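K.L.:
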Ligand SMILES: Nc1nc2c(ncn2[C@@H]2O[C@H](COP(=O)(O)OP(=O)(O)O)[C@@H](O)[C@H]2O)c(=O)[nH]1
Ligand SMILES: [Mg+2]
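In the numbering used here, the protein residues as written are 64 to 517.
(1) Flag this pair as yes or no: are the beta carbons of residue 172 and residue 91 separated by less than 9 Å?
(2) Under a three-way DSSP split, which group does residue 355 fall into?
(3) Just to check, is the beta-carbon of residue 313 closer than 8 Å to a non-hydrogen atom of ligand 1?
(4) Under the three-state reduction of DSSP, which class applies to residue 373: helix, strand or coil?
(5) Opposite residue 416 in the DSSP bridges: which residues?
(6) Around the C-beta of residue 516, are 16 or more other C-beta atoms found within 10 angstroms, so that it is buried, or is it exposed?
(7) Residue 148 lies in the beta strand (DSSP E); which residues open and close that run?
(8) Would the beta-carbon of residue 432 fall within 9 Å of that of residue 378?
(9) Reducing DSSP to helix, strand and coil, say where residue 517 ends up.
(10) I'd like to check one pair, residue 401 with residue 372: are the Cβ atoms closer than 9 Å?
(11) Beta carbon of residue 462, beta carbon of residue 221: below 9 Å?
(12) Please confirm whether any heavy atom of ligand 1 lies closer than 8 Å to the CB of residue 426.
(13) Is residue 190 closer than 9 Å to residue 199 when the C-beta atoms are compared?
(14) Going by the DSSP bridge assignment, what does residue 207 pair with across the sheet?
(15) Please state the DSSP three-state secondary structure of residue 325.
(16) Sort out for me which residues DSSP pairs residue 134 with in a bridge.
(17) Straight-line CA distance for residue 343 to residue 358?
(18) Give the straight-line distance between the Cα atoms of residue 178 and residue 74, rounded to the nearest whole angstrom.
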């Protein structure tokens, strides 16, 4: 595939992270790989495909022995990149891998660009774009939930789903072609109602996938969760209790917390960014004027707001007003200091009752955070493909809009062959998503963020 794009040069990089460690892996790939290998490991005779061999690694010019290392030879096309590729496992640390890398350059390889190995793998049809992105997520991902999604995406879970959708769009196009080819038949072979129904079904399938998008995108950076409430409501205490640390300063003097504190929190493998409020007061600040502390600069970006008020008392007007300004689906009322509540018999409204001191109610709060931020993902079967990137969501939305445009055109009795241009556009959007058609700027966006050596 794309043979005209095959590279003529051989790229090399250290594939493992720099620093102290037992082993480092270097990798080089390209048509000159066998040649480079001969020059740096002159004593290695007849390397067998995919079998590790111990070899002396020497500088090609000085002949200096640099390390004894395990060498694996992956002839094209059965390699990560699809090209002739060699992996060398040297001793780790900073110097040895660097000296071996210099030897590879002296032997004719050139430094790889970030993501260039994976880019070549894509261009050689070893991976599709969604799999390439999954590789990046496996490397950069910090939450087990994103890791799980990436592993399934590596296994072509999302690719298969999108390809099936594309095939279904093309199938609908074929029905139309058939209807157009036999216009003179009294009874059209494919009733328009059937074409319309299959388009509607496609929309439903795209919607199902798109439902995972907003939460799927949160898997990368975490759901931004902001604590808000009156001074002394117990925000910093709850922040610490949720994180299990003493990071935020807790005192009984209102307004002690000087800055917004942010920390990451994982609940059952789902990532959150928890933000405690700045106690900074500005007189012209409406919210501060209401006596509610909240990290203002975070509030508009928040995926979730926890409004804290002590248990055992009614909410005051300011708190009620503040709550009313927040979107209900992304807001949780938390009643704090439940251990102190004087009259447990009086129920002052709803909210999740917690005590930072005793830990009571924290499991329920964690569960509520999880359901509120990631409820749609939790409802998905474990192996369901998820939409974890804006790029995916955009392409799926385009496809959906085009198919909806097709249905609308049918309803307006636009001739089929014109209406069908919407289906072509929908198929195109899905093809771009998997990378059936490669566009250079899409490639740059996907691979530009990779580390060197991947
Ligand atoms: N008994 C009890 N006291 C608490 C609890 N949470 C916070 N406090 C106390 O309430 C006061 C204010 O807490 P803090 O977390 O600094 O509130 P903030 O101003 O909202 O950040 C401190 O004296 C805390 O010890 C709790 O769960 N139980
Ligand atoms: Mg505080």
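Where a beta carbon is used, it is the ideal one built from N, C-alpha and C, also for glycine. What you are looking at is a predicted structure, and each value in this text was computed from that prediction instead of being measured.
P.N.:
Once the coordinates are examined:
(1) Locating residue 172 in the chain shown gives position 109, where the first residue counts as 1. Locating residue 91 in the chain shown gives position 28, where the first residue counts as 1. Closer than 9 Å, so yes.
(2) As a working mapping, residue 355 is identified with position 292 in the chain shown. Residue state, collapsed to three classes: coil.
(3) In the chain shown, the residue the question calls residue 313 occupies position 250. At least one heavy atom of ligand 1 is nearer than 8 Å to the Cβ of residue 313, so yes.
(4) Start at 1 with the first residue of the chain shown, and residue 373 comes out as number 310. Residue 373: strand per DSSP, three-state reduction.
(5) Taking the first residue of the chain shown as 1, we reach residue 416 at position 353. Per DSSP, 398.
(6) Translated into the one-based positions of the chain shown, residue 516 becomes position 453. By the 10 Å Cβ count, residue 516 comes out buried.
(7) For the purposes of this step, residue 148 is taken as the residue at position 85 of the chain shown. Counting along the chain, residue 148 sits inside the beta strand (DSSP E) bounded by residues 148-154.
(8) Position 369 of the chain shown, counted from the first residue, corresponds to residue 432. Position 315 of the chain shown, counted from the first residue, corresponds to residue 378. At a Cβ-Cβ threshold of 9 Å, residue 432 and residue 378 do not count as neighbours.
(9) For the purposes of this step, residue 517 is taken as residue 454 along the chain shown, with counting starting at 1. Coil at residue 517, not helix or strand.
(10) Your numbering for residue 372 matches position 309 in the chain shown. Your numbering for residue 401 matches position 338 in the chain shown. Taking 9 Å as the Cβ cut-off, residue 372 and residue 401 do not qualify as a contacting pair.
(11) Here residue 462 corresponds to residue number 399 of the chain shown, with the count starting at 1. Here residue 221 corresponds to residue number 158 of the chain shown, with the count starting at 1. No, the pair does not count as a contact, with Cβ atoms beyond the cut-off.
(12) As a first step, residue 426 must be located in the chain shown, where it is residue number 363. No, Cβ of residue 426 sits at least 8 Å from all heavy atoms of ligand 1.
(13) Here residue 199 is taken as the residue at index 136 of the chain shown, counted from 1. Here residue 190 is taken as the residue at index 127 of the chain shown, counted from 1. No.
(14) As a working note, residue 207 is residue 144 in the chain shown. According to DSSP, residue 207 bridges with nothing at all.
(15) Here residue 325 refers to the residue found at position 262 when the chain shown is read from its first residue. It is a strand residue.
(16) Sequence index remark: in the chain shown, residue 134 carries index 71 (1-based). In the DSSP output, where bridge partners are listed per residue, residue 134 has 116, 151.
(17) Taking the chain shown and counting its residues from 1, one reaches residue 343 at position 280. Taking the chain shown and counting its residues from 1, one reaches residue 358 at position 295. Its pLDDT being 47, under 50, residue 343 is placed unreliably in this model, and the value from its coordinates should be taken loosely. Approximately 9 Å, taken between the alpha carbons.
(18) In the chain shown, counting from the first residue as 1, residue 178 sits at position 115. In the chain shown, counting from the first residue as 1, residue 74 sits at position 11. Cα-Cα distance, rounded: 11 Å.
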